[in-house]
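Start counting the sequence shown at 84; every next residue gets the next number (our numbering).
By construction, the Cβ of each residue, glycine as well, lies at the ideal position given by its N, Cα and C atoms.
All of these numbers come straight from a predicted model, not from anything done at the bench.
Worksheet: one structure, shown below.
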Amino acid sequence: MPKALNRRHILQGGAWLSLAPLLLEAACVDTPRSPFGDDSTAEEVTEGLDLTGKTALVTGVNSGIGYETMRVLALRGAHVLGTARTAEKGQVACDSVVGHTTPLVLELSDFDSVVACADAAQAQVGAIDMLICNAGVLLNELRQVRGLEMHFVVNHLGHFLLVNRLLEQVLAAPEGRVVVVASRAHHSAPEDGIQFDNLAGEGDFDRQEFYGHSKLANGLFARELARRLEGTNATSNSLHPGVVVTNIARNLPGWQDAIFRFAGSLFLKSVEEGAATTCYVATSPELAGVNGCYFSACNPVTPSTNMLDDDMAQRLWSVSEQLTRPYLS
Ligand SMILES: NC(=O)c1ccc[n+]([C@@H]2O[C@H](COP(=O)([O-])OP(=O)(O)OC[C@H]3O[C@@H](n4cnc5c(N)ncnc54)[C@H](OP(=O)(O)O)[C@@H]3O)[C@@H](O)[C@H]2O)c1
84 MPKALNRRHI
94 LQGGAWLSLA
104 PLLLEAACVD
114 TPRSPFGDDS
124 TAEEVTEGLD
134 LTGKTALVTG
144 VNSGIGYETM
154 RVLALRGAHV
164 LGTARTAEKG
174 QVACDSVVGH
184 TTPLVLELSD
194 FDSVVACADA
204 AQAQVGAIDM
214 LICNAGVLLN
224 ELRQVRGLEM
234 HFVVNHLGHF
244 LLVNRLLEQV
254 LAAPEGRVVV
264 VASRAHHSAP
274 EDGIQFDNLA
284 GEGDFDRQEF
294 YGHSKLANGL
304 FARELARRLE
314 GTNATSNSLH
324 PGVVVTNIAR
334 NLPGWQDAIF
344 RFAGSLFLKS
354 VEEGAATTCY
364 VATSPELAGV
374 NGCYFSACNP
384 VTPSTNMLDD
394 DMAQRLWSVS
404 EQLTRPYLS
């Protein structure tokens, strides 16, 4: 990283970054296509890679895509810091995979917990090569925390804070990668994008819209971070993992969860396939320097117009800063 750039510059943005969106568009056009697709598994897309000496932090490793991501990165030799909401869940998950893993506690709706997790990561490791924002929730009713709608807090704000607390360590890696697990569900966000005037989610609850709103925030965050990382060795990208049979529907009425699991076992992706794009974006040597892109099925794809809206991304960053300011440094 150039000496003049540090976390403070990235937090503050700057006029020197005004040309970056053009660079980001160009980066995605030039991004190499991979031979992998919907049926590829995380093991297949990382085959032959030796991640010995690399460190990853993956959120939400006790379940679904996060578990498989940790398992495969550790299998390839990385030291994986795996977060879960309780020490016990993290320990059980880490103990069940082969390789070097360390559990950390992280409750994304509790900013003290996010800070404690980042501090624990700082105490455990030096540079972080892969910072993977995977944990997420899908709710069936309006829940609020800190006066804000909970999907937005858990899926976006908690990760915004975690990444900013750990940015110095990502920048210290030779080629640090922030990977944000967003979703194609971001297309279900309100037409006018992030609801800056109603982050509390007041009004009619629409599950798809609220979840999609938080996933749009994931993509905009990754994009704005990418813009701020231009000129450094670090990158930031987001992705859709596919529709994957996991515990994500656990908060829906039992019959809906049951249908999701039944249909999923027949038609949807397995977790082995669901973790492929995350592992590919986090590790592929082909993607060195690729920044500010959105992936699906291990290839760059075009997201919604809202997710490409740099004004919205910059406003989201600044609002997220305001909402987390006491915890940012
Ligand atoms: N499955 C899909 O079809 C699909 C599609 C598109 C995108 N995604 C995204 O993929 C990511 C992984 O989801 P998944 O499908 O693997 O679901 P999952 O099996 O339900 O795993 C979600 C993980 O997030 C953790 N988590 C939930 N709330 C949290 C909180 N408040 N603080 C910290 N951790 C929390 C969960 O911990 P607990 O087990 O303790 O709750 C769990 O470890 C999510 O971001 C999701 O939005 C999934």
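*asked:* With DSSP as the reference, identify every bridge partner of C216, one or two as the case may be.
replied: V263
*Bounding residues of the beta strand (DSSP E) (the contiguous stretch that carries A139)*: 138-141
*Could you tell me which residues DSSP puts in a beta bridge with Y377?*
In the DSSP output, where bridge partners are listed per residue, Y377 has S321.
*Contact between the segment 185-204 and the segment 146-156: three or more CB pairs below 8 Å?*
no
*beta-carbon H296 near ligand 1 non-hydrogen atom, thresh 8 Å*: no
*Between V354 and the rest of its own chain, which residues show a CB-CB distance below 8 Å, the 5 nearest in sequence each way excluded?*
G147, I148, Y150, E151, V327, V328, T329
_Any non-hydrogen atom of ligand 1 within 8 Å of G314 CB_ = no
*Bridge-paired residues (DSSP) for A167*: V188
_Tell me the residue span of the alpha helix (DSSP H) that contains P69._
The requested residue 69 does not occur in the structure, where the chain is confined to residues 84 to 412.
_Sequence-distant residues of its chain with Cβ nearer than 6 Å to G357 (five each side left out)_ = The residues are I148, P324, G325, V327.
_Backbone secondary structure at N301 - three-state DSSP_ = helix
_Of the residues T129, F243, D133, S403, the one placed nearest T142, counting alpha carbons only_ = F243
*Leaving out the 5 sequence neighbours to the left and right, which residues in its chain are closer than 7 Å to V181 when beta-carbon positions are compared?*
A157, L158
*asked:* Suppose contacts are defined by Cβ-Cβ distances below 9 Å. Is A359 in contact with F194 by that definition?
replied: no
*Do the CB positions of V322 and T366 come within less than 9 Å of each other?*
In the sequence as presented, Val is not what sits at residue 322; that position holds Leu. Not closer than 9 Å, so no.
*asked:* If distances are taken between C-alpha atoms only, which option among G241, P409, V253 comes closest to K298?
replied: Closest option to K298, Cα to Cα, is G241.
*So does E190 have its beta carbon nearer than 8 Å to some heavy atom of ligand 1?*
At least one heavy atom of ligand 1 lies less than 8 Å from the C-beta of E190.
*Report the residue from T315, G286, S266, D275 whose alpha carbon sits nearest the alpha carbon of G295.*
Residue S266 is the option with its Cα nearest to G295.
*If you follow the alpha helix (DSSP H) that L244 is part of, which residue opens it and which one closes it?*
It spans 241-255 - the alpha helix (DSSP H) in which L244 sits, taken as one unbroken run.
*Flag this pair as touching only if the segment 166-181 and the segment 387-405 have three or more C-beta atom pairs under 8 Å; answer yes or no.*
Fewer than three pairs of CB atoms, one per stretch, sit closer than 8 Å, so the segment 166-181 makes no contact with the segment 387-405.
*asked:* Taking DSSP's pairing of strands, which residues face V228 in a bridge?
replied: L231, per the DSSP bridge assignment.
_Straight-line Cα distance separating G375 from A309_ = 5 Å
*So does the segment 331-340 actually touch the segment 373-391, counting three or more Cβ pairs closer than 8 Å?*
no
_C-alpha gap between E369 and P115, whole angstroms_ = 7 Å
*Enumerate, from N- to C-terminal direction, the unbroken beta strand (DSSP E) stretches of 3 or more residues contained entirely within the segment 121-160.*
138-141
*Please work out which residues of its chain come closer than 8 Å, Cβ to Cβ, to L411, disregarding the five sequence neighbours upstream and downstream, and give them in chain order.*
L94, L244, N247, R248, E404
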